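Numbered per mature numbering (1 follows the signal peptide of the UniProt record, and there is no 0), the sequence shown spans residues -23 to -1, 1 to 203. These notes are about the structure you will find just below.
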Amino acid sequence: MRLNYSILIKHLILQYLSVFCLSKDFDFFYFVLKWPGAYCDSKHSCCYPKTGKPATDFTIHGLWPEYKDGSYPSNCDPNSVFEKSQLSDLMTNLQKDWPSLSCPSSNGFRFWSHEWEKHGTCSESQIDQHDYFEAALNLKKKVNLLQILRVARIEPDDGFYSLDNIVRAIIKGIGHTPRIECNKDSHGNSQLYQIYFCMDSSGSEIIECLVPPKGRCDSKVQFPKF
């Protein structure tokens, strides 16, 4: 009898936590763009998607709900699974702008499923699955990051560039401060890897970050070829 009571209490706690996660609205999104040259030029293996090598451009990593205290929700609704049938009109752009570079080579469904189930389900109070992916694709069009850097003469040519100059160029082009994330190549060089932008909770407008952006980069970073 005591065992059954214990199980019931655990079940009620888990149910409460699930409802709490679904009901607690997030504060903003991180919209994260990834440089494929830095992903592939590292100790991690890299495989082009089944559609072929992506264009030489930043690609989407994700659209992630965040709280202003620095924490974030995840896996908020286990009953809301990725449905590729809902995204048929977006598929061409998903393959172009949101490809998977992980191995083995894939069609991207596993990557998108992971992003939706871990992050997207926590935005369902604001946008549904189709609108979630469409919002990220629209942001990618709005943030023409490679062109912004090229205007500042910052090119993916394996050269090393001042981190401050990269940030200033993006602020000039976007109007808001990004978060820069670097990774290391096989020689230990710090290289430009991911750029984070803060978005409002509708996923439509870039805002100044509620959580101060923090990066892990050297003062000079390499912008690798792709």
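C-beta: ideal position from N, C-alpha, C; glycine also. Since the structure is predicted, the reported quantities are computational estimates derived from the model, not experimental observations.
{"query": "Using DSSP with H/G/I as helix, E/B as strand and the rest coil, what is Glu158?", "result": "strand"}
{"query": "If you follow the beta strand (DSSP E) that Ile104 is in, where does it begin and where does it stop?", "result": "Element bounds for Ile104: n/a, residue is neither H nor E."}
{"query": "So what does DSSP say about Cys175, is it helix, strand or coil?", "result": "strand"}
{"query": "Please report the straight-line C-alpha distance between His96 and Arg130, rounded to a whole angstrom.", "result": "35 Å"}
{"query": "Taking the straight line between their C-alpha atoms, what separation do you get for Thr69 and Phe3?", "result": "30 Å"}
{"query": "Taking all protein chains shown into account, decide if Thr33 is buried (16 or more other Cβ within 10 angstroms of its Cβ) or exposed.", "result": "exposed"}
{"query": "Check whether the Cβ atoms of residue 281 and Tyr138 lie closer than 8 Å to each other.", "result": "Residue 281 falls outside the range modelled here, since the chain spans only -23 to 203, and no answer is possible."}
{"query": "Go through its chain and collect everything with a Cβ distance to Ser167's Cβ below 6 Å, but skip five positions before and after it.", "result": "Cys159, Cys194, Asp195, Val198"}
{"query": "On the CB-based measure, 16 or more other CB atoms within 10 Å of its CB, does Pro50 come out buried or exposed?", "result": "buried"}
{"query": "Closest by CA to Leu10, which one among Lys161, Asn121, Asp135?", "result": "Asn121"}
{"query": "Compare the C-alpha of Lys27 against each of His38, Arg127, Arg87, His91 and name the closest.", "result": "Arg87"}
{"query": "Give the DSSP-derived three-state secondary structure of Gly14 in the structure shown.", "result": "helix"}
{"query": "Measure the C-alpha to C-alpha separation of Gly39 and Leu71 and round it to an integer number of angstroms.", "result": "12 Å"}
{"query": "Within 10 angstroms of the Cβ of Cys186, are there 16 or more other Cβ atoms? Answer buried if so, exposed if not.", "result": "buried"}
{"query": "With distance defined between alpha-carbon atoms, name the residue in Pro133, Ser100, Asn84 nearest to Leu169.", "result": "Pro133"}
{"query": "Starting from the C-beta of Ile184, find all residues in its chain whose C-beta is less than 6 Å away, skip the five residues before and the five after it, and write them out in chain order.", "result": "Cys175, Asp177"}
{"query": "Which residue's Cα is closest to the Cα of Ser77: Glu111, Cys23, Gly47, Cys53?", "result": "Cys23"}
{"query": "Taking 8 Å as the cut-off, decide whether the C-beta atoms of Lys61 and Ser163 are in contact.", "result": "no"}
{"query": "When you compare each of Cys17, Asn84, Leu114, Cys53 to Glu101 by their alpha carbons, which one comes out closest?", "result": "Cys53"}
{"query": "Around the Cβ of Arg127, are there at least 16 other Cβ atoms within 10 angstroms (buried) or fewer (exposed)?", "result": "exposed"}
{"query": "Where Lys202 and Gln103 are concerned, what is the direct C-alpha to C-alpha distance, given to the nearest angstrom?", "result": "38 Å"}
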